[in-house]
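Asks: Got a structure for you, questions after.
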Amino acid sequence: MFEQNGPLEPLKIATSPMDRTSAPSPAMVRFWGFWPTLGFSAIVGVVNGIAGLLAVLAVVDFNLISNPNFNWTEYVFNSIGTQFNAVIVTSVIVSDAVSLAVIGGLVLARHGASIKEYLALNPIPVKTVVKLVFLTLGLVAVSIFIDSFRNLPNNPQPGPIYEGVWPVFAWFAVVLVAPLFEEVMFRGFMFQGFLRTRLGPALAIILPAIWWGLLHAQYGVFDRGVIIVLGIVLATVRLKTGSLYAPLAMHATWNLISMIRLSFLT
4 MFEQNGPLEP LKIATSPMDR TSAPSPAMVR FWGFWPTLGF SAIVGVVNGI AGLLAVLAVV
64 DFNLISNPNF NWTEYVFNSI GTQFNAVIVT SVIVSDAVSL AVIGGLVLAR HGASIKEYLA
124 LNPIPVKTVV KLVFLTLGLV AVSIFIDSFR NLPNNPQPGP IYEGVWPVFA WFAVVLVAPL
184 FEEVMFRGFM FQGFLRTRLG PALAIILPAI WWGLLHAQYG VFDRGVIIVL GIVLATVRLK
244 TGSLYAPLAM HATWNLISMI RLSFLT
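If you count the sequence shown from 1, you need to add 3 to reach the numbering used here.
Written out as structure tokens, the structure reads:
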């Protein structure tokens, strides 16, 4: 149903005025099909969860050794969504780094594939990056404007944003590590596997975006909807530019703005 029969040919995608850089021809690259991509993506998700859990246990054990009276349940669960502590930051960095290594191995396991071509790590002009940053700023503004009309309950004032961790590590995890893993996963590995099916770009754009949004279970329905819409935009930009660096730049910019708002404006 989903697999495309016959030899793989380069997709004829019109080059956007945003980016006139031509990507290397993928004619000789063999991509995983729909079902392998779907299964491997689920495996990467499981690996990500296990690696994150092991990182949490390591941090908790370290704190218990240092302080036998350490209340690990309060430290871990009370801070989710409101604080950045050693548990959360370490979990993000470790789990995403391990997952990136797994994705790299899956790409190399496909005969004839290279990481650069498979993930479309093609350079883009600086002027394109600037345009993408301004596009992201516009999307953030729209999101904030829509969010201002929502009647949200008054939440109690949260505790300190950073607890037991240097802020630089939290910024590193949120602005660099998380966008890198998520873009490689959703607009890189999954995108390529779904793109060369009978449903083509539509499947490659929509399915990873929905998957990405549903994985952010810590957020409410509205925020998950925003993430899904953002995922569709990022995948469309990836398709038009032919480079993973384009959605990565937008994702990092979005998270950077979120961190600035969280750290200085709340």
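Glycine is no exception: its CB is placed at the ideal position from the N, C-alpha and C atoms.
Which residues does DSSP pair with residue 78 in a beta bridge?
Replies: None; residue 78 has no bridge partner.
Asks: Identify the continuous alpha helix (DSSP H) that holds residue 208 and give its terminal residues.
Replies: Here the alpha helix (DSSP H) through residue 208 covers 203 to 218.
Asks: For residue 206, does the count of other Cβ atoms within 10 angstroms reach 16, so buried, or fall short, so exposed?
Replies: The residue in question, residue 206, is buried, as its Cβ has 16 or more Cβ neighbours within 10 Å.
Asks: Looking only at its own chain, which residues have a Cβ that is under 7 Å from the Cβ of residue 264, when we skip the five neighbours before and after it?
Replies: The answer is none, since no qualifying residue turns up.
Asks: Check whether the Cβ atoms of residue 184 and residue 109 lie closer than 8 Å to each other.
Replies: Result no, Cβ atoms of residue 184 and residue 109 do not sit closer than 8 Å.
Asks: Run the CB neighbour count on residue 77, radius 10 Å, all protein chains shown included, and call it buried at 16 or more, exposed below.
Replies: Residue 77 should be labelled exposed.
Asks: Out of 72, 80, 46, state which residue places its alpha-carbon closest to the alpha-carbon of residue 102.
Replies: Of the candidates 72, 80, 46, the one whose C-alpha sits nearest the C-alpha of residue 102 is 46.
Asks: Identify which residue in 112, 181, 203 has its Cα closest to the Cα of residue 33.
Replies: Residue 33 has its Cα closest to that of 112, out of 112, 181, 203.
Asks: Are the region 134 to 142 and the region 56 to 74 touching by the rule of at least three beta carbon pairs closer than 8 Å?
Replies: As far as the Cβ criterion goes, the region 134 to 142 does not touch the region 56 to 74, which means the pair count is below three.
Asks: Should residue 173 be counted as a contact of the ligand FAD given a C-beta to heavy atom distance under 7 Å?
Replies: The ligand content of the structure shown is nil, which means the ligand FAD is not present either.
Asks: Do the region 173 to 184 and the region 90 to 99 make contact, defined as three or more Cβ pairs closer than 8 Å?
Replies: With a cut-off of 8 Å, the region 90 to 99 and the region 173 to 184 count as touching, because enough Cβ pairs lie within range.
Asks: In the DSSP assignment, what are the bridge partners of residue 165?
Replies: Note: residue 165 sits in a beta bridge opposite 87.
Asks: Just the Cα atoms here: how many angstroms apart are residue 258 and residue 233?
Replies: Residue 258 and residue 233: Cα-Cα distance of roughly 12 Å.
Asks: Give a yes or no on contact between the region 243 to 254 and the region 212 to 223, applying the rule of three or more CB pairs nearer than 8 Å.
Replies: Not touching, per the Cβ criterion.
Asks: Residue 182 and residue 254: beta carbons closer than 8 Å?
Replies: It is a contact, given that the beta carbons lie within the stated cut-off.
Asks: Below 8 Å between beta carbons: does that hold for residue 37 and residue 196?
Replies: Yes. Within cutoff.
Asks: Could you tell me the distance, in whole angstroms, from the CA atom of residue 149 to the CA atom of residue 65?
Replies: If I take the Cα positions, the gap works out to 43 Å.
Asks: Tell me where the alpha helix (DSSP H) around residue 40 begins and ends.
Replies: Taken as a continuous stretch (DSSP letters only), the alpha helix (DSSP H) holding residue 40 covers 37 to 69.
Asks: My assumption, with CB atoms under 8 Å, is that residue 240 sits in contact with residue 135. Please give the rounded CB distance.
Replies: 7 Å between Cβ atoms; contact.
Asks: What separation, rounded to the nearest whole angstrom, lies between the Cα atoms of residue 58 and residue 35?
Replies: Taking the straight line joining both Cα atoms gives about 30 Å.
Asks: Can you give me the start and stop residues for the alpha helix (DSSP H) that residue 288 sits inside?
Replies: Any question about residue 288 goes unanswered here, given that the chain covers just 4 to 269.
Asks: From residue 126 to residue 118, what distance separates their C-alpha atoms?
Replies: For residue 126 and residue 118, the distance between alpha carbons rounds to 14 Å.
Asks: Report the three-state DSSP secondary structure of residue 228 (helix, strand or coil).
Replies: It is helical.
Asks: Select from 201, 54, 260 the residue whose C-alpha is nearest the C-alpha of residue 105.
Replies: The shortest C-alpha separation from residue 105 is found at 54.
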